[in-house]
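Shown next, in structure tokens, is the structure this report addresses.
What follows is the structure in structure tokens.
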């Protein structure tokens, strides 16, 4: 040994050890491969989604937006997909006058829709069908390829708006030159005629022919028309500033941040979030966050699997390692042997998982584009994910077993005396219930099985730990889902007496004033409460609230019971506008806050807060009341007129209507749904439909989460089976001795099954308690609109316990199968 090169000796030992324990190593590789394959598939689905929405390279995004390199952009924070038109136009002059700015322009690039015939674009997710992004006509930005420039508004004869489409816009609208299309805009339906076809002025001809995303779909119109079309008079989506010669981007960005309101985001044009429409950026960010979260979860479960397996293998090889130390193996070589063995396991798991994850990513992507042919996408992120979860996590998990291998003394491990068992964290948690079960066990087989589990609680803890993570997260998701569902059902059904709800769904902003006007023209002039998003924040002495809504406060009690805790709703206000909107007078406005928002802001009824728009305009407000039920209005609701006074009124979100008794809610909902088709994704529901829809959202999210967690649970189950199998192999002499003294094969199998059921059952109980505990803790910190109090889904949690027992039973059957073919003396 001493005469061999160190690296060669280490690799030979690692390879020999892996071959000698091939069946046990194969189970570890399989579990690791499952974790890698699910992770690679998640990154593959994210890549397919990015390709679908068109968020490709930075250069492509810059071509699509027409922004030259070296620009600085100012926009509202992308905290919500409809929070686009929120930049005050007056800031454009401030930016132009800033030192170091050569030129600054204001642009619109928010999404609108094209109404399509039923059945069109079935391959596209519903929320993205017919989605196009607006752009103003400019010869510097766009080049005509056919037709004429889209100059002017709607003509007098056909009342049609002239527009131009780029290649992506043609695809999204399914329109050609000369076609008439129906645009779905924030102000309602608008008839348009395609008078021109365009491409970016700086793009090479044909460069967009192969793009197939959403963010490259543009509808180009006269810049003078867009403010009215988008309900954006006095506002912009974005300001783009070009630096003067010799002024660096970072310097210019710092100067603008110092001069502009703090809520605005100032970023470089090389940043994809700055040059890609916010809608696409927010969606893609959500997909990326979910992908990374799943990759992290897979890494945790995989590390437990590898660490437990290698720890047991090192323990089983104490005598072998000690003998090798006696004949010349050094402590560092012993540690490197374990790491080399882990490298072989990790590399095999990474390769197998990567190859399995590629077709799995196509399966996941088929849910994005059902029924459509998909090309396999392999990205660097998928390769890195496979290497990280497969090889990186394996080596990290092998560090502790390698250190233990280095600590094996040359002579001490050759002694026959047993070392006192180590407990470990999960093993310590299992010790008290195992002691109780041993005292209550009705049979000698049960007492012996539990005694075996207690004898080495560290090994028992290793078996349970891989299950605790997956089962615990499933218990957490089930509890959170049940709590949210109960709270949604309670607030949507019992806290409102509306007959019909109008709800915005999708990605396109809707003008609240336009909805008011449309309803007024159809005879709906009273008995309505509209809810708007607020493009701004509430600022109090001790904190801020950034998810406020706006409504006519004095109308709320007529349709909603918010559970008033203090103060009162305003009782009188002047009426104005076709929708009966109220207007506050004086320099101080009004706001109502939830109990949690009041604590966050640090205010009580009668005290003052400040409403600040994204563009920095402020209005003082007085807290006139506090409430509990937040499902409809969120943590705070300001007077609508106060939000409008500082241009902080955002998109229409919801309206509740009181229908005259001569109309049924079903008839009224159907009528409104047909009359308001010009507004994109504006849906009319009866109360039962509305409650079922919102409860269904929580249930859908739960199903998706459970599907994702099923991969982690599968890895955990494989880890438990592997650990139980290793335990049986470690005790083969003991089990063979039982056979030799008269125990039957069925009794030995029953002993192993009882031990596995006890450990996995306790793992299920521990995971359930941990999941419910974390969910309960989370409910106390979650916004009240999500869940007022935790609800424990007992039936679902019993199913979790049954799943844990089933995993233990299956693992025990697989572990004892080899011994069924052996005689009673073979193990001796």
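In the numbering used here, the protein residues as written are 1099 to 1926.
Beta carbons: idealized from backbone N, C-alpha and C, even for Gly.
Could you give the distance in angstroms between the alpha-carbon of residue i and the alpha-carbon of residue j?
i	j	result
residue 1335	residue 1317	15 Å
residue 1600	residue 1793	17 Å
residue 1283	residue 1902	52 Å
residue 1530	residue 1839	32 Å
residue 1724	residue 1617	30 Å
residue 1892	residue 1898	10 Å
residue 1506	residue 1418	10 Å
residue 1750	residue 1172	24 Å
residue 1819	residue 1811	12 Å
residue 1878	residue 1654	27 Å
residue 1288	residue 1486	51 Å
residue 1133	residue 1431	30 Å
residue 1315	residue 1209	9 Å
residue 1649	residue 1765	26 Å
residue 1700	residue 1587	30 Å
residue 1624	residue 1657	12 Å
residue 1360	residue 1692	26 Å
residue 1894	residue 1575	11 Å
residue 1714	residue 1497	53 Å
residue 1836	residue 1905	25 Å
residue 1660	residue 1608	25 Å
residue 1514	residue 1887	Legend: pLDDT at residue 1514 = 45, less than 50; position of this residue unreliable, value from coordinates given subsequently. Approximately 57 Å between the Cα atoms of the pair.
residue 1285	residue 1495	58 Å
residue 1191	residue 1351	16 Å
residue 1685	residue 1333	23 Å
residue 1405	residue 1746	54 Å
residue 1128	residue 1398	16 Å
Let me confirm a value: residue i is counted as buried when at least 16 other C-beta atoms fall within 10 Å, else exposed. Which label applies?
i	result
residue 1936	The chain is shown from 1099 up to 1926; residue 1936 falls before or after that span and cannot be answered.
residue 1424	exposed
residue 1461	exposed
residue 1913	buried
residue 1626	buried
residue 1322	exposed
residue 1068	The requested residue 1068 does not occur in the structure, where the chain is confined to residues 1099 to 1926.
residue 1259	buried
residue 1761	exposed
residue 1909	buried
residue 1640	exposed
residue 1550	buried
residue 1808	exposed
residue 1482	exposed
residue 1218	exposed
residue 1816	buried
residue 1426	exposed
Quick one: give me the first and last residue of the beta strand (DSSP E) that residue i is part of.
i	result
residue 1780	1780-1783
residue 1838	Premise fails: residue 1838 lies in the alpha helix (DSSP H), 1830-1838, not in any beta strand (DSSP E).
residue 1219	That residue, residue 1219, is in no beta strand (DSSP E); it is neither H nor E in DSSP.
residue 1352	Looking at the DSSP string, residue 1352 is not in any beta strand (DSSP E); the run it does join, the alpha helix (DSSP H), is 1347-1357.
residue 1747	1747-1755
residue 1341	1336-1341
residue 1842	Note, residue 1842: premise wrong, no beta strand (DSSP E); not H, not E.
residue 1243	1240-1245
residue 1289	1286-1298
residue 1665	1662-1665
Hey, could you find the ends of the alpha helix (DSSP H) residue i is sitting in?
i	result
residue 1268	1265-1271
residue 1555	1555-1587
residue 1938	Outside the shown range of the chain, which is 1099 to 1926, sits residue 1938, and nothing can be said about it.
residue 1193	1188-1194
residue 1200	That residue, residue 1200, is in no alpha helix (DSSP H); its beta strand (DSSP E) goes 1199-1205.
residue 1613	1610-1619
Return the Cβ separation of residue i and residue j in integer angstroms, given the expectation that the two are a contact with Cβ distance under 8 Å.
i	j	result
residue 1861	residue 1569	7 Å
residue 1199	residue 1339	5 Å
residue 1299	residue 1241	5 Å
residue 1276	residue 1292	6 Å
residue 1634	residue 1712	6 Å
Can you find a heavy atom of the ligand HEM that lies under 8 Å from the Cβ of residue i?
i	result
residue 1718	The model depicted lacks the ligand HEM and carries no ligand whatsoever.
Could you check whether the Cβ of residue i sits closer than 9 Å to any Cβ belonging to chain C?
i	result
residue 1821	The chain labelled as chain C is not found in the depicted structure, where only one protein chain is given.
Only counting runs of 4 or more residues, tell me where the alpha helix (DSSP H) segments fall wholly within the stretch 1442-1508, in order along the chain.
-> 1478-1485, 1491-1504
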